[in-house]
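*Asks:* If you use full-length UniProt numbering, the sequence shown closes out at 421, no skipped numbers anywhere.
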Amino acid sequence: MTNRRVVTGLDIGTTKICAIIAELTTEDKIDIIGIGLAPSHGLRKGIVVDIDETSKAIREAYQKAERMAGISIESAFVGIAGSHISSLNSHGVVAVTGEEKEIKASDIERVMEAAKIIPLSAEEEIIHVLAREFIVDGCSGIKDPLGMSGVRLEVETHIVTGSSTSIQNLVKSVHRAGLDVDDIVLEPLASSESVLTIDEKELGVALVDIGGGTTDLIVFHEGSICYTSILPVGGNHVSNDIAVGLRTPIGEAEKIKITAGCALKSMADQEDYIDVVTASGKQTQQVPLLSLCEVIEPRMQEIFSLVKRELEQVGPRDLTPGGIVLTGGASLLYGSDVLASDIIGLPVRQGEPKHISGLTDVIDNPVYINRGDKVPKAIFSTAVGLVEFGVRYYQPSKKQFNNEIVGSLFAKVKNWLSDFF
Ligand SMILES: Nc1ncnc2c1ncn2[C@@H]1O[C@H](COP(=O)(O)OP(=O)(O)OP(=O)(O)O)[C@@H](O)[C@H]1O
Ligand SMILES: [Mg+2]
Numbered sequence: 001m002t003n004r005r006v007v008t009g010l011d012i013g014t015t016k017i018c019a020i021i022a023e024l025t026t027e028d029k030i031d032i033i034g035i036g037l038a039p040s041h042g043l044r045k046g047i048v049v050d051i052d053e054t055s056k057a058i059r060e061a062y063q064k065a066e067r068m069a070g071i072s073i074e075s076a077f078v079g080i081a082g083s084h085i086s087s088l089n090s091h092g093v094v095a096v097t098g099e100e101k102e103i104k105a106s107d108i109e110r111v112m113e114a115a116k117i118i119p120l121s122a123e124e125e126i127i128h129v130l131a132r133e134f135i136v137d138g139c140s141g142i143k144d145p146l147g148m149s150g151v152r153l154e155v156e157t158h159i160v161t162g163s164s165t166s167i168q169n170l171v172k173s174v175h176r177a178g179l180d181v182d183d184i185v186l187e188p189l190a191s192s193e194s195v196l197t198i199d200e201k202e203l204g205v206a207l208v209d210i211g212g213g214t215t216d217l218i219v220f221h222e223g224s225i226c227y228t229s230i231l232p233v234g235g236n237h238v239s240n241d242i243a244v245g246l247r248t249p250i251g252e253a254e255k256i257k258i259t260a261g262c263a264l265k266s267m268a269d270q271e272d273y274i275d276v277v278t279a280s281g282k283q284t285q286q287v288p289l290l291s292l293c294e295v296i297e298p299r300m301q302e303i304f305s306l307v308k309r310e311l312e313q314v315g316p317r318d319l320t321p322g323g324i325v326l327t328g329g330a331s332l333l334y335g336s337d338v339l340a341s342d343i344i345g346l347p348v349r350q351g352e353p354k355h356i357s358g359l360t361d362v363i364d365n366p367v368y369i370n371r372g373d374k375v376p377k378a379i380f381s382t383a384v385g386l387v388e389f390g391v392r393y394y395q396p397s398k399k400q401f402n403n404e405i406v407g408s409l410f411a412k413v414k415n416w417l418s419d420f421f
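(1) Just the C-alpha distance for residue 323 and residue 208, rounded to the nearest angstrom, thanks.
(2) Tell me which residue opens and which closes the alpha helix (DSSP H) that residue 290 is part of.
(3) Taking only three categories from DSSP, how would you classify residue 19?
(4) At a threshold of 7 angstroms, does residue 427 count as lining ligand 1 (C-beta to nearest heavy atom)?
(5) How many whole angstroms separate the CB atoms of residue 160 and residue 186, which I take to be in contact at a CB cut-off of 8 angstroms?
(6) Beta carbon of residue 238, beta carbon of residue 330: below 8 angstroms?
(7) Any idea what DSSP makes of residue 162, helix, strand or coil?
(8) Could you check where the alpha helix (DSSP H) with residue 384 kicks off and where it finishes?
(9) Taking the alpha carbon of residue 376 as the point to measure from, which residue in 388, 391, 352, 393 has its own alpha carbon closest?
(10) Taking only runs that begin and end inside the region 250 to 293, name each unbroken alpha helix (DSSP H) of 4 or more residues, in chain order.
(11) Considering just the uninterrupted stretch of the alpha helix (DSSP H) at residue 457, what are its terminal residues?
(12) Got a sec, what are the start and stop residues for the beta strand (DSSP E) residue 196 sits in?
(13) Restricting to runs no shorter than 4 residues, where is the alpha helix (DSSP H) found entirely within the region 99 to 172?
(14) Check whether the region 292 to 301 touches the region 251 to 264, taking contact to mean three or more Cβ pairs, one atom from each stretch, closer than 8 angstroms.
(15) Looking at the structure shown, is residue 355 part of a helix, part of a strand, or coil, going by DSSP?
(16) Closer than 7 angstroms to a non-hydrogen atom of ligand 1 - does that hold for the CB of residue 274?
(17) Mind checking residue 293: buried by the 16 CB within 10 Å criterion, or exposed?
(18) Quick one: what's residue 95 bridged to in DSSP?
(19) Taking the alpha carbon of residue 328 as the point to measure from, which residue in 380, 319, 158 has its own alpha carbon closest?
(20) Sort 103, 27, 227 by Cα distance to residue 315 and report the nearest one.
(21) Considering only heavy atoms of ligand 1, does any lie closer than 7 angstroms to the CB of residue 81?
(22) Should residue 31 go down as buried or exposed, given a rule of 16 or more other Cβ atoms within 10 Å for buried?
(23) Is any non-hydrogen atom of ligand 2 found closer than 7 angstroms to the C-beta of residue 235, if you look at the structure I gave you?
(24) For residue 158 and residue 225, which I take to be in contact (beta-carbon distance under 8 angstroms), what is that distance rounded to the nearest angstrom?
(25) State buried or exposed for residue 198, treating a residue as buried only when at least 16 other CB atoms are found within 10 Å of its CB.
(26) Please report the distance separating the alpha-carbon of residue 194 from that of residue 280.
(27) For residue 193, verify whether its CB is less than 7 angstroms away from any heavy atom of ligand 2.
(28) Could you spell out the range, first to last residue, of the beta strand (DSSP E) harbouring residue 221?
(29) Please classify residue 337: does DSSP put it in a helix, a strand, or coil?
(30) When the distance is taken between beta carbons, is residue 91 closer than 8 angstroms to residue 115?
(31) Which same chain residues end up closer than 6 angstroms to residue 347 when comparing Cβ atoms and leaving out the 5 residues on each side of it in sequence?
(32) Nearest-angstrom Cα distance between residue 144 and residue 56?
(33) Could you tell me the alpha carbon to alpha carbon distance between residue 142 and residue 149, rounded to whole angstroms?
(34) Suppose the cutoff is 8 angstroms on Cβ atoms and the five residues either side in sequence are ignored; what does the same chain contact list for residue 313 look like?
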């Protein structure tokens with residue numbers, strides 16, 4: 001039987017768990033062969049708070065994906081988010097060893113290790129050490145110094161850390177669901193793989209993934225990551241505000257938000273009314289659409305103001321001429337792009353994963369039950385990105401080198417190209 005080269009992405013979100021199984025074709029193209037979705041109840045603001053609930057939902061999601069793909073999987077690249085995540089830029093420097101003064105893989109490994117020396121509390125662990133650029137004898141902007149001549153090797157890195165307990169709870173949930181973890185990957189890093197273009201990254205761009213419980217931010221400048229951040233606010237807060245503001249059950253609030261909600265009240269039809277179920281669930285009342293948007297707008301304003309504040313910390317506005325790319329379920333709220341552009345003052349586009357097949361049209365939709373029959377592609381950005389991350393950094397021919405460039409939590413070179421038959 002043929003050896004099938006398969007990689008799985010597992011997005012453990014606050015609202016939904018999504019498993020995507022992809023196969024690498026003989027031309028090394030990613031072919032998505034299985035997608036599974038399950039509602040998520042064991043997370044709060046991106047963090048696992050109930051291992052049992054989370055592992056049940058993980059099992060449900062990946063088994064659905066397995067059934068669609070017609071294969072079984074053993075492991076997955078798993079996304080991580082939550083406000084326990086921090087990041088910083090760090091510098092490393094070493095002298096190049098050896099007679100020839102030619103940079104070897106071991107020199108790159110040493111300089112990455114040198115950059116990893118950062119103050120960490122006992123509760124924190126490093127998740128990623130991402131090389132932004134190498135500097136050889138003062139010459140900067142080098143992406144791949146292997147084989148170059150030089151005596152002094154420096155690296156600029158972006159280091160992502162997280163709470164050991166939160167990481168362990170995530171890994172435990174995956175193990176309990178019956179899967180191994182290939183690697184833990186920061187969710188916005190994964191989303192950026194699937195949504196952003198190379199040109200946008202070169203130009204400078206900020207990706208904002210607004211999910212149910214968190215808003216994830218990643219900023220690229222000159223092709224490299226310069227900032228990542230997880231904000232503990234997302235679409236679920238908007239639904240909660242609607243439930244409280246219009247005195248309706250949370251499920252109804254969610255439904256109204258998606259079918260009639262608008263991020264900007266000036267974009268709403270001033271004459272329109274919507275049917276709102278009362279808190280008892282027994283009656284409906286007519287409420288002006290404007291009242292709904294008056295509840296939504298301040299929360300969306302808050303989200304984009306927080307993003308703006310984060311971006312101001314990164315640097316001047318001209319750092320990201322590529323503007324803002326919005327993705328994630330909550331970015332689909334009508335008018336989000338207009339509001340984001342008004343507040344942040346940069347051009348905004350809606351983004352979704354580039355390489356996702358038509359399979360999303362046919363998957364059973366247990367999460368977005370009230371949202372018509374099609375699942376929006378923007379909710380798959382992280383899961384597809386996890387697959388792309390896996391394929392990009394774990395190619396057998398490149399794995400040794402790439403594992404150094406993207407040092408990871410598991411720092412292992414696992415042969416994920418499993419033979420299923
Ligand atoms: N069409 C839509 N309009 C408005 N909001 C939407 C729409 N579709 C989904 N959402 C909202 O998107 C959110 C879920 O998005 P997503 O699936 O990206 O989150 P998640 O990955 O589960 O959560 P997180 O990344 O925060 O852990 C929910 O708040 C949901 O109400
Ligand atoms: Mg998400």
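Backbone N, C-alpha and C fix where the C-beta goes; we use that ideal spot for every residue, glycine too.
*Replies:* This is what the structure holds:
(1) Position 323 of the sequence shown, counted from the start, is the residue given in the question as residue 323. Position 208 of the sequence shown, counted from the start, is the residue given in the question as residue 208. CA-CA distance, residue 323 to residue 208, rounds to 11 angstroms.
(2) In the sequence shown, counting from the first residue as 1, residue 290 sits at position 290. Per DSSP, residue 290 belongs to the alpha helix (DSSP H) from 289 to 314.
(3) Sequence index remark: in the sequence shown, residue 19 carries index 19 (1-based). Three-state result, residue 19: strand.
(4) Summary: the structure shown does not reach residue 427, with the chain confined to residues 1 through 421, and so no result is reported for it.
(5) Counting from 1 along the sequence shown, the entry for residue 160 is found at position 160. Counting from 1 along the sequence shown, the entry for residue 186 is found at position 186. The distance from the Cβ of residue 160 to that of residue 186 is about 5 angstroms, consistent with a contact at the 8 angstroms cut-off.
(6) Counted from its first residue, the sequence shown places residue 238 at position 238. Counted from its first residue, the sequence shown places residue 330 at position 330. Yes. Within cutoff.
(7) The sequence position of residue 162 within the sequence shown is 162, counting from 1. Residue state, collapsed to three classes: strand.
(8) Counting from one through the sequence shown, the residue named residue 384 turns up at place 384. For residue 384, the enclosing alpha helix (DSSP H) starts and ends at 381 to 393.
(9) The count along the sequence shown starts at 1 and reaches residue 376 at position 376. Checked all of 388, 391, 352, 393; the closest Cα to residue 376 is 352.
(10) Whole alpha helix (DSSP H) segments, 4+ residues: 250 to 260.
(11) Lying before the first or after the last residue shown, residue 457 is absent from the chain, which here runs from 1 to 421.
(12) On the sequence shown, residue 196 is found 196 positions in, with the first residue counted as 1. Note, residue 196: premise wrong, no beta strand (DSSP E); not H, not E.
(13) The qualifying runs are 105 to 115.
(14) Judged by Cβ distances under 8 angstroms, the region 292 to 301 makes contact with the region 251 to 264, as three or more pairs qualify.
(15) On the sequence shown, residue 355 is found 355 positions in, with the first residue counted as 1. Look at residue 355 here: in three-state DSSP terms it is coil, with no helix or strand label.
(16) Here residue 274 refers to the residue found at position 274 of the sequence shown. Not a single heavy atom of ligand 1 lies less than 7 angstroms from the C-beta of residue 274.
(17) Here residue 293 refers to the residue found at position 293 when the sequence shown is read from its first residue. Taking a 10 Å sphere around the C-beta of residue 293, we find 16 or more other C-beta atoms and assign the residue as buried.
(18) By one-based count along the sequence shown, residue 95 stands at place 95. According to DSSP, which records beta bridges pairwise, residue 95 is partnered with 152.
(19) Position 328 of the sequence shown, counting from 1, holds the residue named residue 328. If we check each option's Cα against that of residue 328, 380 comes out closest.
(20) Counting from 1 along the sequence shown, the entry for residue 315 is found at position 315. Among 103, 27, 227, the Cα nearest to that of residue 315 belongs to 227.
(21) Taking the sequence shown and counting its residues from 1, one reaches residue 81 at position 81. Answer for residue 81: yes, Cβ within range of ligand 1.
(22) If you number the sequence shown from 1, residue 31 lands on position 31. Taking all protein chains in view, the Cβ of residue 31 is surrounded by fewer than 16 other Cβ atoms within 10 Å, so the residue is classified as exposed.
(23) Mapped onto the sequence shown, residue 235 falls at position 235. Residue 235 has its CB no nearer than 7 angstroms to any heavy atom of ligand 2.
(24) On the sequence shown, residue 158 is found 158 positions in, with the first residue counted as 1. On the sequence shown, residue 225 is found 225 positions in, with the first residue counted as 1. Contact flag correct, Cβ pair sits at about 5 angstroms.
(25) As a working note, residue 198 is residue 198 in the sequence shown. Burial call: exposed.
(26) For the purposes of this step, residue 194 is taken as residue 194 along the sequence shown, with counting starting at 1. For the purposes of this step, residue 280 is taken as residue 280 along the sequence shown, with counting starting at 1. One alpha carbon belongs to residue 194, the other to residue 280, and they sit about 43 angstroms apart.
(27) Taking the first residue of the sequence shown as 1, we reach residue 193 at position 193. Result no, Cβ not under 7 angstroms from ligand 2.
(28) Position 221 of the sequence shown, counted from the start, is the residue given in the question as residue 221. In the DSSP assignment, residue 221 falls within the beta strand (DSSP E) that extends over 215 to 221.
(29) On the sequence shown, residue 337 is found 337 positions in, with the first residue counted as 1. Helix at residue 337.
(30) Translated into the one-based positions of the sequence shown, residue 115 becomes position 115. Translated into the one-based positions of the sequence shown, residue 91 becomes position 91. Closer than 8 angstroms, so yes.
(31) For the purposes of this step, residue 347 is taken as residue 347 along the sequence shown, with counting starting at 1. If you ignore the 5 residues before and after residue 347, its C-beta comes within less than 6 angstroms of the C-beta of 323, all in its own chain and listed in chain order.
(32) Translated into positions along the sequence shown, residue 144 becomes position 144. Translated into positions along the sequence shown, residue 56 becomes position 56. Straight-line Cα distance between these residues: approximately 42 angstroms.
(33) Taking the sequence shown and counting its residues from 1, the one referred to as residue 142 is at position 142. Taking the sequence shown and counting its residues from 1, the one referred to as residue 149 is at position 149. In this model, residue 142 and residue 149 are separated by some 12 angstroms (Cα to Cα).
(34) Walking along the sequence shown from the start, residue 313 turns up at place 313. Only residues of its own chain outside the window of five on either side were considered, and among them 227 have a CB closer than 8 angstroms to the CB of residue 313, listed in chain order.
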